[in-house]
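Here the protein sequences line up with chains A and B, keeping their order.
The numbering of the first sequence is our numbering, which starts it at 131 and goes up by one.
The numbering of the second sequence is our numbering, which starts it at -7 and goes up by one.
Ideal Cβ positions, reconstructed from N, Cα and C, are used throughout, including at glycine.
In what follows, a structure is listed as structure tokens, so that the remarks can point back to it.
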Amino acid sequence: MTDLGDRVAERPATRHRHFWTIPRRDALVGYLLVSPQLVGSALFVLLPLGLVVYYSLQEWNVLAGTFEFVGGDNYAKLLADPNMGQVLTSTALFSVGLVVLNLALALALAILLDQRLRGTTLFRTLFFSPVLVSLVAWTIVWQFLLQQDGGVNGLLGVAGVDGPNWLRGETTALLSVVVVQVVKNVGLNMVLFLAALQGVPRQLYEAAQLDGAGAWTRFLRITVPLISPTILLTSIITVVGSLQVFAQIAVLTQGGPGMSTTVLVYYLYQQAFQFRHLGYGATLSVLLFLIVAALTLLQWRLRRKWVFHES
Amino acid sequence: MSRRVKLALYALLCVLCVPFVFPTWWMVTSSVKPISDIFAFPPALVPSRFDFSTYGRVFELQPFGQQYLNSLYIAAVVTAGTMAVAAMAGYAFARVRFPGQNLLFLVVLVGLLIPSEVTIVPLFQMFHAAGMTDTHWPLILVPILGAPSVLATFIMRQFFITLPGELEEAARVDGLGRFGTFVRVALPLARPALGAVAIFTFLHSWNLYLEPIVFLSTPSKFTLPQALTQFVDAYGSPLWNVQLSAATMTALPVLVVFVLAQRQFIEGLAHTGLKG
């Protein structure tokens, strides 16, 4: 090892050969390689995170021109905010609906595509294609399709069903945003599930079948445990993603009707950038951060309990 | 599998396809329909005659060409920048030993827990203080260096960890330094992972909506997603046919490019780090 070290160290800087040992050179290169990411994290992640906590302690209204320290007042306001119950309910309904529907559909589609039928590559492409369509373009098209006299009700009409005005009813509006978002992004999880399913050794299924296990038992006892790392990963990505849905709501419903689709992110945007209550907006940001962090850590904890490890 | 089961599965797949395919089909065909066809009930699947006039209107109502260039160049710069930053950091965290490594990695990972919405208020304030609001800098710098690039770094690290150590030993014996090993040996092997990162990053930048509407106020600086929502008449009602033409121009090229390259990238997505 020392021989090798001397030989390599000899080339560029013979004067420093004793100081610039291989581990030291490695460390230097290591620091240089991570430095852009570290500086970026400090500047655009940690600093704003600190600032958002600091701002949340200020009464800061751009329109009124105020900026003064008020301690926990914004947090007291948060607790007393009459809209908060509705916002959190909408957020929870939206996230739960989106995560459940997305994961269930992704897994179902992946299983369907894993059936060794001819032409599944074509179907895979079709199911995946919305992932590639510009988000706002996708949402605008659905906004049109979901009108009272739009394409969705047109298709339902062919089947003899009289569809509602989707974006004007409280329940149907929330449901619409969930479905539009699921159809847009489910392809991503589907592809990840498909790769995981293809990694399950076929012999296991054959052996289980010989032992008399039915299709459902094979699914629960072989498939689910073996793809559990992928289930964990996709659920973390999907849960965090569900709390970030903004453009779809801004375009489709602007939070309405009433406040039925005003999820936390949208409420934050309204408070901070429409009503210019930046201090209160920062307080809502802190709440959003705590929810995301708590959910992610919770899922990471659960991993030990139900994720199957091969080794 | 019996014939009947196969047939049933195909039927199921076809029905399930409708919500995935119909909106895109409808967007593209409606953009060349005369307005009366757009509002036809039940919806017309193909145009009764072709009418391309709305495509011209798109460019009259807004500096759409400029906005298209804005989105393209921002996405290109962000993609290239993120690939560089993430490959370097991912390699260092995976293969190089240096003091404080694990702690620094944890610090970087904090970014994964932070939706960009959480930091939008202070970021706006910071860029405002630096005189960079209504410029493209926030849309370029934050994705490359901030929270969005952390996932890319994580993917690259997961990939580099799987490289066999013997490769690097061999490179070293051949007289390559650490940096040379990274550039000449590790990076060429990382093409699938880099491909996945590139696609993720491009789509993320291309779809960005909250940041542009917070940071930009001059129409000629807008990006496409923001521009798409601006095709409204004097009363604020959307000009559907113009909007659909603009949406088609935004969505179709990317869709076609990716569908042509889909083999590489769907498999790239599925087989890099992301398998957990």
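Burial state of residue i, where buried means 16 or more other Cβ atoms lie within 10 Å
i, result
"Y184(A)", "exposed"
"W430(A)", "exposed"
"W17(B)", "exposed"
"V369(A)", "buried"
"K(-2)(B)", "exposed"
"A289(A)", "exposed"
"S276(B)", "What the structure shows of chain B is the stretch from -7 to 268, and residue 276(B) is not part of that stretch, so it cannot be assessed."
"D136(A)", "At D136(A), the pLDDT of 48 sits below 50, so the modelled position is not reliable and the matter cannot be decided from this model."
"I153(B)", "exposed"
"S229(B)", "exposed"
"L418(A)", "buried"
"A121(B)", "exposed"
"V10(B)", "exposed"
"A236(A)", "buried"
"K435(A)", "exposed"
"Q278(A)", "exposed"
"P15(B)", "buried"
"T392(A)", "buried"
"N204(A)", "buried"
"T132(A)", "Low local confidence applies: a pLDDT of 45 at T132(A) is under 50, so the model's placement there is unreliable, with the coordinate-based value given in what follows. Per the 10 Å Cβ criterion, exposed."
"Q167(A)", "buried"
"L340(A)", "exposed"
"E109(B)", "buried"
"V321(A)", "buried"
"S209(B)", "exposed"
Element boundaries [beta strand (DSSP E), containing residue i]
i, result
"N233(B)", "Not the beta strand (DSSP E): N233(B) falls in the alpha helix (DSSP H), residues W232 to L252."
"F197(A)", "T196 to F199"
"N191(A)", "Q188 to N191"
Boundaries of the alpha helix (DSSP H) in which residue i is found, first to last residue
i, result
"V370(A)", "S358 to S372"
"W296(A)", "It is not in any alpha helix (DSSP H) - W296(A) carries neither H nor E in the DSSP assignment."
"N199(B)", "R183 to N199"
"Q167(A)", "I152 to S171"
"E109(B)", "Neither: E109(B) is in no alpha helix (DSSP H) and is coded neither H nor E."
"V266(A)", "L265 to L275"
"A338(A)", "R332 to L340"
"D29(B)", "I27 to I30"
"V282(A)", "G281 to V288"
"I136(B)", "W129 to L137"
"M124(B)", "Premise fails: M124(B) is in no alpha helix (DSSP H) and is neither H nor E."
"K(-2)(B)", "R(-5) to S22"
"V381(A)", "A377 to L382"
"F310(B)", "Because residue 310(B) is not part of the residues shown, which for chain B are -7 to 268, the question remains open."
"L202(B)", "L202 to F207"
Candidates the options, of which the one nearest residue i by Cα
i, options, result
"Q254(B)", "V100(B), P184(B), P156(B) and K213(B)", "P184(B)"
"A0(B)", "L242(A), T383(A) and E198(A)", "L242(A)"
"G201(A)", "L173(A), E189(A) and F403(A)", "E189(A)"
"L216(B)", "Q54(B), A86(B) and L231(B)", "Q54(B)"
"T240(B)", "A121(B), S23(B) and A68(B)", "S23(B)"
"R348(A)", "L256(A), L340(A), T360(A) and Y335(A)", "Y335(A)"
"T383(A)", "A338(A), I366(A), L247(A) and V307(A)", "V307(A)"
"V177(B)", "V189(B), Q58(B), A190(B) and A162(B)", "A162(B)"
"L97(A)", "M389(A), R433(A), V381(A) and L373(A)", "Past the boundaries of the shown model lies residue 97(A); chain A is included only from 131 to 441, so the question cannot be answered."
"S237(B)", "V165(B), T46(B), I30(B) and Y2(B)", "T46(B)"
"T127(B)", "F223(B), P204(B), S28(B) and F51(B)", "P204(B)"
"A346(B)", "F97(B), T21(B), V246(B) and R89(B)", "Because chain B in this structure spans residues -7 to 268, residue 346(B) falls outside the shown range and cannot be described."
"T151(A)", "S(-6)(B), I27(B), F90(B) and F85(B)", "F90(B)"
"L96(B)", "G160(A), L265(A) and A240(A)", "G160(A)"
"I136(B)", "V175(B), I191(B), A78(B) and E160(B)", "A78(B)"
"S225(A)", "V422(A), T255(A) and S259(A)", "V422(A)"
"L177(A)", "F146(B), L8(B) and V134(B)", "V134(B)"
"I191(B)", "V263(A), L181(A), V182(A) and G195(A)", "V263(A)"
"T219(A)", "M389(A), P355(A) and V182(A)", "M389(A)"
"I357(A)", "G385(A), L363(A), A326(A) and D341(A)", "A326(A)"
"L173(A)", "G123(B), M118(B) and L168(B)", "M118(B)"
Supposed contact pair residue j and residue i - C-beta distance, whole angstroms, cut 8 Å
i, j, result
"Y410(A)", "Q400(A)", "Rounded, the Cβ-Cβ distance is 10 Å, inconsistent with contact."
"N62(B)", "F207(B)", "That belief does not hold up - the Cβ atoms of N62(B) and F207(B) are roughly 12 Å apart, past 8 Å."
"P130(B)", "L115(B)", "7 Å"
"L408(A)", "V175(A)", "Going by Cβ atoms, the distance from L408(A) to V175(A) rounds to 19 Å, so no, they are not a contact pair."
"T74(B)", "T193(B)", "5 Å"
"T221(B)", "V381(A)", "6 Å"
"R351(A)", "A343(A)", "7 Å"
Residue i: CB within 7 Å of a non-hydrogen atom of the ligand COA
i, result
"T391(A)", "Ligands are entirely absent from the displayed structure, and the ligand COA is therefore not among its contents."
Every unbroken alpha helix (DSSP H) within the segment 203 to 252 of chain A, with a cutoff of 4 residues, ordered by chain: Runs of the alpha helix (DSSP H) lying entirely within the segment 203 to 252 of chain A and spanning at least 4 residues, in chain order: 203 to 210 and 214 to 243.
Continuous alpha helix (DSSP H) assignments of at least 4 residues falling wholly in the segment 82 to 121 of chain B: List check, alpha helix (DSSP H) in window: 93 to 101 and 112 to 121.
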